[in-house]
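What follows is a short report on a single structure.
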Amino acid sequence: MYDVAIIGAGICGASVSFLLSQKKLKICVIEKETDVSMGTTKANSAIIHAGYDPEPDTLMARLNVRGTALIKELAPRLSVPYKQIGSLVLAFNEQDLKTINKLYERGKINGVPDMQILKAEETFAKEPNIDKHIKGSLWAPSAAVVSPWELCTAMCEVAAENGCEFFLENEVTAIENINDYFKITTSRQKIQANYIINAAGIHSDIICKMAGECDFSILPSKGQYYLLDKNQGELIHHILFQCPTKAGKGILVSPTTSGNLIVGPNAEIDNKSDDLATTREGLDFVANTAKHTTDKINYRDNVRNFSGLRAISTRDDFIIEPASFSPRFINVAGIKSPGLSAAPAIAEYVLELLEKSGLELEQKENYSDSRKRIVFNELSDEEKKKCIKENPAYGNIVCRCNTITEGEILQALHSPLPPRTLDGVKRRAGTGMGRCQGGFCSPRVHEIISRELGIPFEQVEQDKKGSYIVLGEF
Ligand SMILES: Cc1cc2nc3c(=O)[nH]c(=O)nc-3n(C[C@H](O)[C@H](O)[C@H](O)COP(=O)(O)OP(=O)(O)OC[C@H]3O[C@@H](n4cnc5c(N)ncnc54)[C@H](O)[C@@H]3O)c2cc1C
Numbered sequence: 080m081y082d083v084a085i086i087g088a089g090i091c092g093a094s095v096s097f098l099l100s101q102k103k104l105k106i107c108v109i110e111k112e113t114d115v116s117m118g119t120t121k122a123n124s125a126i127i128h129a130g131y132d133p134e135p136d137t138l139m140a141r142l143n144v145r146g147t148a149l150i151k152e153l154a155p156r157l158s159v160p161y162k163q164i165g166s167l168v169l170a171f172n173e174q175d176l177k178t179i180n181k182l183y184e185r186g187k188i189n190g191v192p193d194m195q196i197l198k199a200e201e202t203f204a205k206e207p208n209i210d211k212h213i214k215g216s217l218w219a220p221s222a223a224v225v226s227p228w229e230l231c232t233a234m235c236e237v238a239a240e241n242g243c244e245f246f247l248e249n250e251v252t253a254i255e256n257i258n259d260y261f262k263i264t265t266s267r268q269k270i271q272a273n274y275i276i277n278a279a280g281i282h283s284d285i286i287c288k289m290a291g292e293c294d295f296s297i298l299p300s301k302g303q304y305y306l307l308d309k310n311q312g313e314l315i316h317h318i319l320f321q322c323p324t325k326a327g328k329g330i331l332v333s334p335t336t337s338g339n340l341i342v343g344p345n346a347e348i349d350n351k352s353d354d355l356a357t358t359r360e361g362l363d364f365v366a367n368t369a370k371h372t373t374d375k376i377n378y379r380d381n382v383r384n385f386s387g388l389r390a391i392s393t394r395d396d397f398i399i400e401p402a403s404f405s406p407r408f409i410n411v412a413g414i415k416s417p418g419l420s421a422a423p424a425i426a427e428y429v430l431e432l433l434e435k436s437g438l439e440l441e442q443k444e445n446y447s448d449s450r451k452r453i454v455f456n457e458l459s460d461e462e463k464k465k466c467i468k469e470n471p472a473y474g475n476i477v478c479r480c481n482t483i484t485e486g487e488i489l490q491a492l493h494s495p496l497p498p499r500t501l502d503g504v505k506r507r508a509g510t511g512m513g514r515c516q517g518g519f520c521s522p523r524v525h526e527i528i529s530r531e532l533g534i535p536f537e538q539v540e541q542d543k544k545g546s547y548i549v550l551g552e553f
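Take the sequence shown: its letters are residues 80 to 553, numbered as in the working numbering.
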């Protein structure tokens, strides 16, 4: 019997597991995919928002500002790529100037630090490549970019190190609510738990309905992106937003933590659940709208298109509360943007709710709350030499685009929560993220996974279950 079962290993489930694993509890995370961070958490804008967007006095406002401050401290402690580059909301006309003033006032109420309204010349001084018709901007220096999948993976690794069990490839198919515990049926086994945290992203309404009555539903909304090569990454230095609309925060242009440039997302309401296809129409809309921000982007240097699904709910705020049928079933649902920014604060709040529902949260005497990871190309020459001397695998470059060594792949494969797929290694070590998108390094990573984890070569998967790369021996 588990004290707590967390359903879903996205950033919300990961953050809750990270905190709960530090308590004297028996906990598990149940995830339907082959790895953690395979839902919305791996496909978003990767922005840690300052917090001026959400309406004051909402959970979204409170948890965004707190989460943004927590991630600033957490990212270096977990060796997660994070850059506090600040954001600008650009005003193109008189109406936009009114909007940025409104956002500034809202940000002040929400507790966003150090914002400023900048004049056109001050905005150009920060960003010389933006459209010359801009009238001013809202500057928020606390905004940052992060690697969302690395933040999620790092928290899960620490949770695993602290004894949290991860049941991957376990799709929850039924939940029985039996007086003082739950019986959870997955595609592989039955699991019993006293408390459930429902962090199943765009499927959180389905999970809730399995256990009892559900008073919300989720309507996924797709957002499509361009990810451009590093040669476009220097064009822009901060996160550039256009003014938000009812559909969302609009099309942004921003550098990523790895030095690429990201452009997107659009907003496609009424999207079919789980449809992640990108379309010519959607991408054209993204590129044409981003031209108002800057017309200097060369889209021929695009290295990847992708899309993510927002968990838009039938309510305006995050839904983080016990279900109507049991105080021991806590919904963490409708976690649309700024869910990534808010996640560590969402976890704190979930722990408060668990305590109110009667769960005792006693801190363990010994637990980990940090993680160290070697990133070879960030080391000095002296450090590199030392590293190769201690482990010659760091002298073997596997990914030429991003200078990633075999040592870093081994580090991921022997972590407390080892990946078993090519994309799992990609999300941890960064292989296949460069210009060639794995064209060169994939066969080598494939061999290393097979060798290190003892998986037959033809059974190594690309990402999702059944995504085999080879069909048999030549
Ligand atoms: C286009 C877009 C842009 C965004 N940009 C930003 C941004 O810049 N900044 C920001 O702060 N936020 C942003 N967000 C929001 C942010 O990405 C989400 O709030 C966050 O990732 C949600 O995390 P989650 O853990 O709730 O869901 P998910 O990451 O989707 O995790 C849910 C998990 O539950 C699993 N699951 C579902 N059903 C089952 C089942 N039956 N059994 C077992 N497991 C199951 C899924 O496989 C998945 O892994 C954006 C979102 C989108 C779509």
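Ideal placement from N, C-alpha and C gives every residue a C-beta, glycine not left out.
_Output needed for proline 423: all residues of its chain with C-beta closer than 7 Å, excluding positions within five of it in sequence on either side, in chain order._
Numbered from its first residue, the sequence shown carries residue 423 at position 344. Same-chain partners within the cutoff: Ser94, Gly146, Leu149, Ile150 and Leu153.
*In angstroms with no decimal places, state the Cα-to-Cα distance between isoleucine 286 and aspartate 114.*
On the sequence shown, residue 286 is found 207 positions in, with the first residue counted as 1. On the sequence shown, residue 114 is found 35 positions in, with the first residue counted as 1. Answer to the nearest angstrom: the Cα atoms are 19 Å apart.
*How is asparagine 470 classed by DSSP in three states: helix, strand or coil?*
The residue given as residue 470 occupies position 391 in the sequence shown. In this structure, asparagine 470 counts as coil in the three-state DSSP scheme.
*Residue from Val237, Glu292 and His128 whose Cα sits closest to the Cα of alanine 223*: Here residue 223 refers to the residue found at position 144 of the sequence shown. Among Val237, Glu292 and His128, the Cα nearest to that of alanine 223 belongs to His128.
*Could you give the residue range of the beta strand (DSSP E) that holds phenylalanine 245?*
Stepping through the sequence shown from its first residue, residue 245 is reached at position 166. Counting along the chain, the beta strand (DSSP E) containing phenylalanine 245 begins and ends at 244 to 246.
*With 16 other Cβ atoms within 10 Å as the buried cut-off, status of leucine 550*: By 1-based counting over the sequence shown, the position of residue 550 is 471. Label assigned to leucine 550: exposed.
*asked:* On the DSSP letters alone, give me the boundaries of the beta strand (DSSP E) that phenylalanine 320 sits inside.
replied: The sequence position of residue 320 within the sequence shown is 241, counting from 1. Start and end: 318 to 320.
*Nearest candidate by alpha-carbon position, reference isoleucine 90, set Tyr473, Ile376 and Pro227*: Position 11 of the sequence shown, counted from the start, is the residue given in the question as residue 90. Comparing Cα-Cα distances from isoleucine 90 to each of Tyr473, Ile376 and Pro227, the minimum goes to Pro227.
*What residues are listed by DSSP as bridge partners for tyrosine 260?*
Within the sequence shown, the letter at position 181 stands for residue 260. Paired residue(s): Ile257.
*Cα-Cα separation, lysine 309 to glutamate 240*: For this step, residue 309 is matched to residue 230 along the sequence shown. For this step, residue 240 is matched to residue 161 along the sequence shown. The alpha-carbon atoms of lysine 309 and glutamate 240 are separated by roughly 35 Å.
*Going by C-alpha distance, which of Ala140, Lys198, Pro155 and Thr178 is nearest glycine 190?*
As a working note, residue 190 is residue 111 in the sequence shown. Glycine 190 has its Cα closest to that of Ala140, out of Ala140, Lys198, Pro155 and Thr178.
*Below 8 Å between beta carbons: does that hold for threonine 202 and arginine 506?*
The count along the sequence shown starts at 1 and reaches residue 202 at position 123. The count along the sequence shown starts at 1 and reaches residue 506 at position 427. The answer is no: Cβ separation not under 8 Å.
*Check the C-beta distance from leucine 430 over to leucine 98 and give it rounded, since I have them as a contact under 8 Å.*
Here residue 430 refers to the residue found at position 351 of the sequence shown. Here residue 98 refers to the residue found at position 19 of the sequence shown. Contact flag correct, Cβ pair sits at about 6 Å.
*Report buried or exposed for glycine 518, applying the criterion of at least 16 other Cβ atoms within 10 angstroms of its Cβ.*
Counting from one through the sequence shown, the residue named residue 518 turns up at place 439. Per the 10 Å Cβ criterion, exposed.
*Taking the alpha carbon of isoleucine 126 as the point to measure from, which residue in Lys177, Pro220 and Met512 has its own alpha carbon closest?*
Looking up residue 126 in the sequence shown gives position 47. When each option's Cα is compared against that of isoleucine 126, the closest is Pro220.
*asked:* For lysine 328, count the other beta carbons within 10 Å of its own beta carbon; 16 or more makes it buried, fewer makes it exposed. Which is it?
replied: For the purposes of this step, residue 328 is taken as the residue at position 249 of the sequence shown. So lysine 328 ends up on the buried side.
*asked:* Bridge partners for serine 334 per DSSP, in chain order?
replied: By 1-based counting over the sequence shown, the position of residue 334 is 255. Looking at the sequence itself, residue 334 is proline, so the reference to serine does not match. Leu340.
*asked:* With a threshold of 7 Å (Cβ to nearest heavy atom), would histidine 317 be considered close to ligand 1?
replied: As a first step, residue 317 must be located in the sequence shown, where it is residue number 238. Distances between the C-beta of histidine 317 and the heavy atoms of ligand 1 are all 7 Å or more.
*Can you name the residues that DSSP bridges to lysine 162?*
Residue 162 sits at position 83 when you count from the first residue of the sequence shown. Val224.
*Which one of Thr336, Lys198 and Phe246 has the shortest CA to CA distance from asparagine 481?*
Mapped onto the sequence shown, residue 481 falls at position 402. When each option's Cα is compared against that of asparagine 481, the closest is Thr336.
*Pick out the complete beta strand (DSSP E) segments inside the stretch 122 to 175, 3 residues or longer, and give them in chain order.*
166 to 170
*asked:* Shorter than 7 Å, the distance from the beta carbon of leucine 388 to the closest heavy atom of ligand 1, or not?
replied: Translated into the one-based positions of the sequence shown, residue 388 becomes position 309. Answer for leucine 388: yes, Cβ within range of ligand 1.
*Buried or exposed: which applies to lysine 121, given that a residue is buried once 16 or more other Cβ atoms fall within 10 Å of its Cβ?*
Working through the sequence shown from its first residue, we reach residue 121 at position 42. By the 16-neighbour rule on beta-carbons within 10 angstroms, lysine 121 is buried.
*Do you know how far the Cα of glutamate 531 is from the Cα of serine 296?*
Looking up residue 296 in the sequence shown gives position 217. Looking up residue 531 in the sequence shown gives position 452. About 43 Å.
*Per-residue DSSP class, three states only, for leucine 217*: As a first step, residue 217 is located in the sequence shown; it is residue number 138 there, counting from the start. The answer is strand: DSSP assigns leucine 217 an E or B state.
*asked:* Please report the straight-line C-alpha distance between lysine 370 and lysine 211, rounded to a whole angstrom.
replied: Mapped onto the sequence shown, residue 370 falls at position 291. Mapped onto the sequence shown, residue 211 falls at position 132. Roughly 12 Å between the two C-alpha positions.
*How about lysine 205 and leucine 176: do their beta carbons lie closer than 8 Å?*
By one-based count along the sequence shown, residue 205 stands at place 126. By one-based count along the sequence shown, residue 176 stands at place 97. No. Outside cutoff.
*Helix, strand or coil for glutamine 541 per DSSP?*
What you label residue 541 is simply residue 462 of the sequence shown in a count that begins at 1. Looking at glutamine 541 - three-state DSSP - the assignment turns out to be coil, as it is neither helix nor strand.
*asked:* Quick check: does the Cβ of lysine 111 come within less than 7 Å of any heavy atom belonging to ligand 1?
replied: The count along the sequence shown starts at 1 and reaches residue 111 at position 32. Yes, Cβ of lysine 111 sits closer than 7 Å to a heavy atom of ligand 1.
_Buried or exposed by the 16-neighbour rule on C-beta atoms within 10 Å, applied to lysine 443_ = The count along the sequence shown starts at 1 and reaches residue 443 at position 364. Lysine 443 comes out exposed.
_Quick check: asparagine 273 and aspartate 259, are their CB atoms within less than 8 Å of each other?_
Against the sequence shown, residue 273 aligns to sequence position 194. Against the sequence shown, residue 259 aligns to sequence position 180. It is a contact, given that the beta carbons lie within the stated cut-off.
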